[in-house]
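Its first residue numbered 130, the sequence shown is counted upward by one per residue in my numbering.
A virtual CB, placed ideally from N, CA and C, is assigned to each residue, including glycine.
Notes follow once the structure below has been shown.
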Amino acid sequence: MQDSENQHTRIRGVFSSERVAKVGTGHTVRKTTQTMYWYVEEDENGVIWIQPLNPNYVPSGPKQEVEKEQFLEQYAPEPEFYTSKVYPNLRKLNQTIAKAERHRSNGDSYSAEYEFGNALKVDEENIRANFGLGLTYLDRGDTDKADNIFQRLIKIEAAFEAEHKHLFNDFGISLRKNEMYEQSVEYYQKALELSPLDENLHYNIARAYFAKADLAKTIVHLQQALQLNKDMDVARKFLLYLKKNNLLPATLPASASSTSGTKEAP
């Protein structure tokens, strides 16, 4: 239930906290104690993150940071609860998602949809399962159902964290390939709110704006990508393509005007 690294044992497992609440009014008021269960992980920087367990005993919902002193005072380890309740359900959930991902890799989209759906019954905010189901719909061009997943993902900040980068990129590309340009722009805008200095996000939203024929915003984000990374070759080539097709204004960023490339479309 715990990991050891660099002679420091990081905190990891299920913990409980108690909260005293008043119930009733007047002479009937009484105090009750509510117990909450949390999945807890300490990261490599020593920061404690807690995540509530849902009714199916799996970690679900947003993570919260807790000061270490507060955590040690107010949270109690629950190793037996983890072993008997959380670990078996979490293991089964991950197996279901892995099975769904295999079905999708094999092109069996309806079996993938079924298994991703089973996973989401256990944890409706599971990032892997939501991305997987959305990608399954996009694989077969079912844009209405894909939009439902998009609307869910856009509200989950954890979907934009680095650990999900591969799924995030695949989903963004698939949105654009399915001509869901409005969703693609909104998707990358949300990501840029959280990571405004990511040149790859600026490049990707530029491609989405280009697909919408919004040249002004395409150019703005290509310039921002190059300001963040002057060696970003794909952004320079994109600008060169626009220039050679007379789609640029007279004034170009220095990084674009000095580059050389081909007429290959972005």
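Ranked by Cα distance from M165, the options I302, P181 and Y266 are led by P181. Within the model, the alpha-carbon separation for E315 versus T157 is close to 51 Å. Taken through DSSP and simplified to helix, strand or coil, G142 comes out as strand. Taken in chain order, no unbroken stretch of beta strand (DSSP E) lies wholly in the stretch 245-311 with a span of 3 residues or more. Straight across, the Cα-Cα distance linking N218 with G142 is about 14 Å. Annotation: the continuous alpha helix (DSSP H) that includes V349 extends over L344 to L357. Just measuring C-alpha positions, the residue of V363, H331 and L344 sitting nearest P378 is L344. Excluding sequence positions up to five before and after S189, its CB lies within less than 8 Å of the CB of Q180, P181, L182, N183, D252, E253, E254 and N255, all in the same chain and listed in chain order.
In this structure A229 touches A248 by the C-beta definition: roughly 6 Å separates them, less than 8 Å.
Q163 has its alpha-carbon roughly 11 Å from the corresponding atom of V152. Membership of T164 in the beta strand (DSSP E) is indicated by the continuous run R159 to E171.
When C-beta atoms of the stretch 203-212 are compared with those of the stretch 256-269, fewer than three pairs fall below 8 Å, so the two segments do not count as touching. Annotated three-state conformation of V187 is coil, per DSSP. Sixteen is the threshold: when 16 or more other Cβ atoms of the shown chains lie within 10 Å of the Cβ of Q312, as they do, the residue is buried. Non-local C-beta neighbours of T161 in its own chain, meaning closer than 6 Å and more than five positions away in sequence, comprise A150 and V152, ordered along the chain. For P217, the uninterrupted alpha helix (DSSP H) run begins and ends at Y216 to S234, by DSSP. By the CB criterion at 9 Å, A340 and H350 fall outside the cutoff.
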